[in-house]
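K.L.:
2 protein chains.
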Amino acid sequence: MHTVSLHSMVHEVALPDGRRYPIVVGGLQALPEWLDRIGLQRGRCLIVTDENVAALHLDLLRTTLEAFGWLPHALILPAGEETKSLTHLSQIYDAALAWGIDRRTPLLAFGGGVIGDLAGFAAATLLRGLPLVQVPTTLIAQVDSAIGGKTGINHARGKNLIGAFYQPELVYADPTLLLTLPEREWTSGLAEVIKHALIGDADLFAFLEAHWEVIRHRAAELLPQLIAQAMAVKVRVVVQDERESGLRAILNFGHTFGHAIERVAGYGRFTHGEAVALGMLAALWLSHQRHPELPFDRLCSLILKLPIAQPLDGLTFSLLLDAMQVDKKTLASRLRFVLLQALGKAYVTDKVSVGELQAAWQFVLEMRRLAVGT
Amino acid sequence: MHTVSLHSMVHEVALPDGRRYPIVVGGLQALPEWLDRIGLQRGRCLIVTDENVAALHLDLLRTTLEAFGWLPHALILPAGEETKSLTHLSQIYDAALAWGIDRRTPLLAFGGGVIGDLAGFAAATLLRGLPLVQVPTTLIAQVDSAIGGKTGINHARGKNLIGAFYQPELVYADPTLLLTLPEREWTSGLAEVIKHALIGDADLFAFLEAHWEVIRHRAAELLPQLIAQAMAVKVRVVVQDERESGLRAILNFGHTFGHAIERVAGYGRFTHGEAVALGMLAALWLSHQRHPELPFDRLCSLILKLPIAQPLDGLTFSLLLDAMQVDKKTLASRLRFVLLQALGKAYVTDKVSVGELQAAWQFVLEMRRLAVGT
Ligand SMILES: NC(=O)c1ccc[n+]([C@@H]2O[C@H](COP(=O)([O-])OP(=O)(O)OC[C@H]3O[C@@H](n4cnc5c(N)ncnc54)[C@H](O)[C@@H]3O)[C@@H](O)[C@H]2O)c1
Ligand SMILES: NC(=O)c1ccc[n+]([C@@H]2O[C@H](COP(=O)([O-])OP(=O)(O)OC[C@H]3O[C@@H](n4cnc5c(N)ncnc54)[C@H](O)[C@@H]3O)[C@@H](O)[C@H]2O)c1
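Chains as they are written, first to last, in this note's numbering: chain A, 1 to 374; chain B, 375 to 748.
Following this line, the structure appears as structure tokens:
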């Protein structure tokens, strides 16, 4: 990471085959300079966004682009996970082709992970590939989903079952956009930041601990560093494993339980980050069994500072176990867990017994009972 | 090209970034050995095919696979260009996910270019990429569309507007499958073979001239060589330009007029190959203007041997010119032509005047008048 003249923080994703693209943390007003810098030709560009983001930030993006000679055309989709569908993908195809694009027309994905995944997939497949610029507007999208080239949509049979690996030409994250995020979305993002710290960056973990109250309240002066450092973990993983054949799986820390919690509770009751936070507690418990030297209390207590209000009613272990097995069937043959051997060091294992899983979940329930004081 | 122990002819596509895959001309019964050879694990596999191919050849493919321990599941779609649609893509998604696949489940595209493009795109996007095996069953698919990784579907606004570059793990072409092709499909394929000879292989051109009557009647003993040699031209071009940034455009020899002819005549009146054959005559005329040493009569006379019965009624120059300009708008900024400087040597130019285009079309109309004797 280094600071450049545009007063932004920059990473670079450099893939083994030579492809590379910058990841910038900076103000939206400098985006057009970056579009020039990566070699896009000013002219038409397509913005895909959702209603919430459009209401709050589209005018700024549009005028910023127009001031530099771009001709943006915005497509505004409904907000929410249901938008990651074939129906809305088809809507992007229709709008883009009706408006008129050629292979050099950039597509800007301006929104959270939903828009990033959906519009990224549209960019991957329109005219067999348009230049994609990710302009993430949620904390999850800025530190995680906009980076790494996983794009796609959901299918009735499961999440993210259709998609492509397609790298953007640029990821551009403006931290000030996050100030309008609803509280729960912010919390959900912080859970992912903690995850990145746990699996890959002990310093980031210490930074979070040291400044927790300030970060929790989104003090603007700490956001760029927070975001840039959390991004760096994702960048490192992606560079080593673009296609998720191995290492990339560590990004799923907390996700085996997390997905099961989302599924059993019914999508929407917990945010993704909330479910992952609970899942991380379980994964930490399992890790601690194997690695007693892990600073277990310290790690758990940061997670427990996340304000997660939803009760865990109905999340029985047997329902969760069923849900994990369903999850498993669609993707691989064995149930795999990401565990920590130390703060900042994760690995994948399939050697976890049902008994241990049950004990881990018991631990989560107890922690919660203590935390909410019931 | 070299002969291997399986008594088949083999090319290899070796892309600059290290990816490589074999292209085999051989009997279907040896396909399972090749699936082993490229490292696929026997188990479930998904076959996507169309009604015509299924009626004629699916039993053979299925029993061949089952004999080697595969568990094939076939999805049979309607035949025809309309099948290259989002609707049928979605049908493949539903069937594959309902049946149960994981990231290692191979998808076999068993059909002509329509199935190859559609099923290839499905393979590119299911679980972000399944192993794809192209088993082409038309001459066009064997020498052209199954090779090179262009996959996709049509959109109401134009052909092939949605898709992905996605390379197969194996292309496996059985020449005997071609014996059941309808006559016009065979002719259409021969037009593409002539195209490959013109743009890239003077020896193949001489081979076609020397054995035309036998080839035209599909004598089984010449087919493997014909196919392997025509494939080689495509392989060479693709290896040098996977993403169609330059050289790959020479595969569009005859296509600027060809597409316009298809569009003006209404899709279906001419097969793609028939339209390209007429377009090649125009392109040869333009080439000859610039390169008088080109053996113009010789080159035209092979094309004129293709039995193309459709009259050219209604194909006025002004309608064709309009159609060329429509085609242009969707993809690039200037109307480009592929011309020959010598037999086997093609290049791209945008320096062709309207007057020349008109004269070229006049030449085609005259040739046709002579050929059909009116
Ligand atoms: N591609 C990947 O590698 C990857 C990684 C993690 C998650 N994801 C995907 O990301 C999605 C979740 O992402 P998300 O949490 O960003 O969801 P999201 O896109 O639905 O955004 C959450 C909510 O915040 C709103 N919003 C976005 N930006 C805002 C802003 N600046 N101010 C106010 N409101 C704003 C949105 O309209 C939405 O209502 C899931 O679909 C998940 O599968 C993908
Ligand atoms: N991806 C590429 O690089 C590329 C290149 C050229 C063409 N294409 C695409 O290929 C398509 C045209 O391919 P095509 O000409 O093979 O069309 P096709 O797939 O429609 O096949 C033509 C007809 O032959 C039938 N058929 C196929 N195999 C048969 C067999 N062995 N016996 C009897 N009948 C058989 C089919 O059912 C169909 O009716 C177009 O959609 C075109 O865009 C793609």
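C-beta atoms are modelled at their ideal positions from N, C-alpha and C, and glycine is treated no differently. It should be emphasised that the depicted structure is a prediction, and the values quoted were computed from it without experimental measurement.
Do the region 562 to 581 of chain B and the region 647 to 657 of chain B touch if we need at least three Cβ pairs shorter than 8 Å?
P.N.:
yes
K.L.:
Run through DSSP, which three-state label would P452 (chain B) get?
P.N.:
Residue state, collapsed to three classes: coil.
K.L.:
Mind checking the region 454 to 466 of chain B against chain A and listing, in chain order, the residues whose C-beta falls within less than 9 Å of any C-beta there?
P.N.:
L460, L463 and S464
K.L.:
Restricting to Cα atoms, I'd like to know which of A:T83, A:M9, A:A146 and A:C300 is closest to M367 (chain A).
P.N.:
For M367 (chain A), the nearest C-alpha among the options comes from A:C300.
K.L.:
Find the residues of chain A that neighbour I536 (chain B), judging by a C-beta separation of less than 7 Å, and give them in chain order.
P.N.:
When 7 Å is used as the limit between beta carbons, I536 (chain B) is near these residues of chain A: Y93, T125 and L126, in chain order.
K.L.:
Between L178 (chain A) and chain B, is any beta-carbon pair separated by less than 8 Å?
P.N.:
no
K.L.:
Where does Y546 (chain B) land, buried or exposed, given buried means 16+ other C-beta within 10 angstroms?
P.N.:
That one is buried.
K.L.:
How would you list, in chain order, the residues of chain B whose beta-carbon sits under 7 Å from the beta-carbon of G152 (chain A)?
P.N.:
R502
K.L.:
Is any non-hydrogen atom of ligand 2 found closer than 7 Å to the C-beta of A515 (chain B), if you look at the structure I gave you?
P.N.:
A515 (chain B): yes, Cβ under 7 Å from ligand 2.
K.L.:
Just to confirm my understanding: we take F737 (chain B), look at its own chain, exclude 5 residues before and 5 after, and list those with CB closer than 6 Å. What are they?
P.N.:
Cβ neighbours of F737 (chain B) beyond the five flanking positions: W659.
K.L.:
Starting from the N-terminal side, write out each stretch of the beta strand (DSSP E) that is 3 residues or longer and does not extend beyond the region 182 to 218 of chain A.
P.N.:
none
K.L.:
Please confirm whether D203 (chain A) has its beta-carbon closer than 8 Å to some beta-carbon of chain B.
P.N.:
no
K.L.:
Use the C-beta contact count for Y641 (chain B): other C-beta atoms within 10 angstroms, 16 or more gives buried, fewer gives exposed.
P.N.:
exposed
K.L.:
Looking only at DSSP bridge pairs, what is I682 (chain B) linked to?
P.N.:
Note: I682 (chain B) sits in no beta bridge, so no partner.
K.L.:
Assign Q614 (chain B) to buried or exposed, taking buried as 16 or more other Cβ atoms, counted over all protein chains shown, within 10 Å of its Cβ.
P.N.:
exposed
K.L.:
Distance check for T151 (chain A) and F495 (chain B), CA to CA, integer angstroms please.
P.N.:
Answer to the nearest angstrom: the Cα atoms are 15 Å apart.
K.L.:
So which residues on chain B does H155 (chain A) lean against when the C-beta distance must stay under 7 Å?
P.N.:
Chain B residues near H155 (chain A): Y467 and L471.
K.L.:
Counting Cβ pairs closer than 8 Å, one from the region 218 to 233 of chain A and one from the region 139 to 147 of chain A, do we hit at least three?
P.N.:
The way I'd put it, the region 218 to 233 of chain A does touch the region 139 to 147 of chain A; three or more beta-carbon pairs between them come closer than 8 Å.
K.L.:
Would you mind giving the Cβ-Cβ distance between H529 (chain B) and Y93 (chain A), rounded to the nearest angstrom? I have them listed as a contact below 8 Å.
P.N.:
Going by Cβ atoms, the distance from H529 (chain B) to Y93 (chain A) rounds to 6 Å, so yes, they are a contact pair.
K.L.:
So, under 8 Å CB-CB, L302 (chain A) and L208 (chain A) are touching, yes? Tell me the CB distance rounded to an integer number of Å.
P.N.:
Distance from L302 (chain A) to L208 (chain A) at the Cβ level is roughly 6 Å; contact confirmed, criterion being Cβ atoms closer than 8 Å.
K.L.:
At what residue ranges does the region 483 to 558 of chain B contain a whole run of the alpha helix (DSSP H), taking only runs of 4 or more?
P.N.:
487 to 499, all fully within the region 483 to 558 of chain B.
K.L.:
Ordered along the chain, which non-local residues of its own chain (more than five positions away) have a Cβ less than 6 Å from that of G454 (chain B)?
P.N.:
Same-chain partners within the cutoff: there are none.
K.L.:
Which residues in the same chain have their Cβ closer than 7 Å to the Cβ of P78 (chain A), if we skip the five residues on either side of it in sequence?
P.N.:
D50 and E51.
K.L.:
Could you tell me the distance, in whole angstroms, from the CA atom of N252 (chain A) to the CA atom of S562 (chain B)?
P.N.:
51 Å
K.L.:
By DSSP's criteria, Y721 (chain B) is part of a beta bridge. Which residues make up the other side?
P.N.:
Partner(s): B:L713.
K.L.:
Give the residues of chain A in contact with D491 (chain B), contact being defined as C-beta atoms less than 7 Å apart.
P.N.:
Per Cβ cutoff of 7 Å: no residues; D491 (chain B) is ~11 Å from chain A at best.
K.L.:
Say yes only if the C-beta of L673 (chain B) is nearer than 7 Å to one or more non-hydrogen atoms of ligand 1, and no if none qualify.
P.N.:
no
K.L.:
Could you tell me which residues DSSP puts in a beta bridge with L481 (chain B)?
P.N.:
B:L420 and B:L506
K.L.:
Taking Cβ-Cβ distances shorter than 8 Å, what residues in chain B pair up with F165 (chain A)?
P.N.:
R502 and G503
K.L.:
Under 8 Å, do M605 (chain B) and I489 (chain B) count as touching if we go by C-beta distance?
P.N.:
no
K.L.:
Can you look up H385 (chain B) in the DSSP assignment and give me helix, strand or coil?
P.N.:
strand
K.L.:
Does chain B have any CB closer than 8 Å to the CB of D36 (chain A)?
P.N.:
Residue-level contact check: D36 (chain A) does not touch chain B, since none of the beta carbons of chain B fall below 8 Å from its beta carbon.
K.L.:
Would you kindly work out how many angstroms separate the C-alpha atoms of H259 (chain A) and K159 (chain A), rounded to a whole number?
P.N.:
Their Cα atoms are separated by approximately 10 Å.
K.L.:
Is the region 659 to 670 of chain B close to the region 705 to 725 of chain B, with three or more CB pairs under 8 Å?
P.N.:
yes
K.L.:
If you compare alpha carbons, which of A:L107, A:L40, A:A55 and A:G39 is closest to P72 (chain A)?
P.N.:
A:L107
K.L.:
Say whether chain B places a C-beta atom closer than 8 Å to the C-beta of D17 (chain A).
P.N.:
yes
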